[in-house]
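Notes follow the structure.
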Amino acid sequence: GDKVKQSPSALSLQEGTNSALRCNFSIAATTVQWFLQNPRGSLINLFYLVPGTKENGRLKSAFDSKESYSTLHIRDAQLEDSGTYFCAASNNNNAPRFGAGTKLSVKP
Amino acid sequence: EAAVTQSPRNKVAVTGGKVTLSCNQTNNHNNMYWYRQDTGHGLRLIHYSYGAGSTEKGDIPDGYKASRPSQENFSLILELATPSQTSVYFCASGGDREGQNTLYFGAGTRLSVL
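If you read the sequences in order, they're chains A and B.
Using my numbering, the first residue of the first sequence is number 72, and each one after it goes up by one.
Using my numbering, the first residue of the second sequence is number 141, and each one after it goes up by one.
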């Protein structure tokens, strides 16, 4: 938790709107992963990143290793995007450390 | 299909009892991890392994042991369970041939220590 800080801790979005989640690191992260924990509790890997950006459908993620942060952008939020988003950072393939999560609620 | 399977899915234990949580992966990954999830803390690293026969301490190892007897299996052992170990425990595997350590998680084990 302390090595990886996520913001905001909770977020409510109207369906169809956009938002961004952020992850700040106090470690010299070389890779970042983003996960979604759905309401059933399953953890689903969304992105694995080295410094740079990746995009998948309505999701886009960026990782800046020099400034020690990563972002996850959600475009055109849908009800099924609801859940808790976690980022995890690793330094040179050490074990990933997780943030405390951002709980996202998408409302119709 | 490659998968990470945890057993049991739910467990109720008594204080002072021994609890073993099991994890099996068919991903042929070298790395395996045990995390616990508690409200407000995200996932915290307990133990991990780089391969059969290896175990490493994570950030909160006290009260837990780990065992990696094979590439596929990684167990978490609570020798003397305490109520503070009531939590949801997740196992993950990672480390493909390209060197990418994408984590794949099991469904979790909900442990209650009474």
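The beta-carbon is built from N, C-alpha and C at its ideal position, and this holds for glycine as well.
>> Contact criterion: CB-CB distance below 7 Å. Does A:N127 meet it with respect to chain B?
In response: Locating residue 127 of chain A in the first sequence gives position 56, counting from the first residue. Taking Cβ atoms only, chain B never reaches closer than 7 Å to A:N127, which makes this a no.
> How big is the Cα-Cα spacing for B:V228 and B:V253?
Replying inline: For the purposes of this step, residue 228 of chain B is identified with residue 88 of the second sequence, where counting begins at 1. For the purposes of this step, residue 253 of chain B is identified with residue 113 of the second sequence, where counting begins at 1. Taking the CA atoms as reference points, B:V228 sits about 11 Å from B:V253.
> Alpha carbon to alpha carbon, how far is B:N168 from B:Y244?
Replying inline: Reading the second sequence from its first residue, position 28 is the one you call residue 168 of chain B. Reading the second sequence from its first residue, position 104 is the one you call residue 244 of chain B. For B:N168 and B:Y244, the gap between their C-alpha atoms comes out near 12 Å.
> Going along the chain, which unbroken runs of the beta strand (DSSP E) with 3 or more residues stay wholly within the stretch 121-169 of chain A?
Replying inline: Complete beta strand (DSSP E) runs here, min 3: 123-127, 130-135, 140-145, 154-161.
>> Strictly below 8 Å CB to CB, what residues from chain B border A:Q104?
In response: The residue you call residue 104 of chain A lines up with position 33 of the first sequence. Near A:Q104 (Cβ distances below 8 Å), the residues of chain B are T242, L243.
> Within the 7 Å Cβ cut-off, does A:G154 reach chain B?
Replying inline: Locating residue 154 of chain A in the first sequence gives position 83, where the first residue counts as 1. Cβ-Cβ to chain B under 7 Å: no for A:G154.
> What do you get for B:N171, buried or exposed, if any count of 16 or more other CB atoms within 10 angstroms of its CB means buried?
Replying inline: Here residue 171 of chain B corresponds to residue number 31 of the second sequence, with the count starting at 1. So B:N171 counts as buried.
> Can you list the residues of chain A that B:A247 reaches, using a CB-CB cut of under 7 Å?
Replying inline: For the purposes of this step, residue 247 of chain B is taken as residue 107 along the second sequence, with counting starting at 1. Result: S113.
> B:I186: buried (16+ other C-beta within 10 angstroms of its C-beta) or exposed?
Replying inline: Taking the first residue of the second sequence as position 1, residue 186 of chain B is located at position 46. It is buried - the Cβ of B:I186 has at least 16 other Cβ atoms within 10 Å.
> What number of angstroms, rounded off, separates the C-alpha of B:D202 from the C-alpha of A:P110?
Replying inline: The residue labelled residue 202 of chain B in the question sits at position 62 within the second sequence. The residue labelled residue 110 of chain A in the question sits at position 39 within the first sequence. Approximately 30 Å, taken between the alpha carbons.
>> Let's test the definition: count the other Cβ atoms within 10 Å of the Cβ of A:D152 and tell me whether it reaches 16, buried, or not, exposed.
In response: One-based indexing of the first sequence puts residue 152 of chain A at position 81. Buried, because 16 or more other Cβ atoms sit within 10 Å of the Cβ of A:D152.
> Measuring CA to CA, which of A:A81, A:N165, A:A160, A:G154 is closest to B:Y190?
Replying inline: Indexing the second sequence from 1 puts residue 190 of chain B at position 50. The option with the nearest alpha carbon to B:Y190 is A:N165.
>> Counting only Cβ pairs nearer than 9 Å, list the residues of chain B close to A:F157.
In response: As a position in the first sequence, residue 157 of chain A is number 86, starting the count at 1. Within chain B, the residues near A:F157 are G182, L183.
>> Looking only at its chain, what residues have a beta carbon closer than 6 Å to the beta carbon of A:P92, apart from the 5 residues adjacent to it on each side?
In response: As a working note, residue 92 of chain A is residue 21 in the first sequence. Reading off the sequence shown, one finds Leu at residue 92 of chain A, where the question assumed Pro. Exclusion of the five residues before and after A:L92 leaves L143, Y156, T173 as the residues of its chain whose Cβ lies within less than 6 Å of its Cβ.
> Where does A:S78 land, buried or exposed, given buried means 16+ other C-beta within 10 angstroms?
Replying inline: Against the first sequence, residue 78 of chain A aligns to sequence position 7. Exposed, by the Cβ-count rule.
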